[in-house]
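Everything below concerns the one structure shown next.
Numbering (mature numbering (1 follows the signal peptide of the UniProt record, and there is no 0)), first residue to last: -17 to -1, 1 to 75.
Written as structure tokens, this is what we have:
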């Protein structure tokens, strides 16, 4: 499942950003998760619509749909929740 946050940032000012898709935390909560952030530069002002799907999301097709060209930056890393952190809490 794709877990992403899609923003349009106007004039390189994050205060003027517009959230298109909200972030969803990885499921299941346990295990190793791969995170990839890809940054594209829009050629002009264009409305970006939230994809109707998250599973099997294709970044290349999304970039082609909005004429984004090649990414200007990307970062990839793995994360794993520490055992015993977060999750359900039982109170007596």
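Cβ coordinates follow ideal geometry from the N, Cα and C atoms, glycine included.
Close beta carbons around residue 24, own chain, < 6 Å, minus the five adjacent residues each side: Around residue 24: 55.
Tell me, which residues are paired with residue 123 by DSSP? Any property of residue 123 remains undetermined from this structure, which presents the chain solely from -17 to 75.
Residue 42, enclosing alpha helix (DSSP H) - first and last residue: If you look at residue 42, you'll find it in the alpha helix (DSSP H) that goes 42 to 48.
Determine the direct distance from the alpha carbon of residue 33 to that of residue 21, and round the result to whole angstroms. Cα to Cα, residue 21 sits roughly 16 Å from residue 33.
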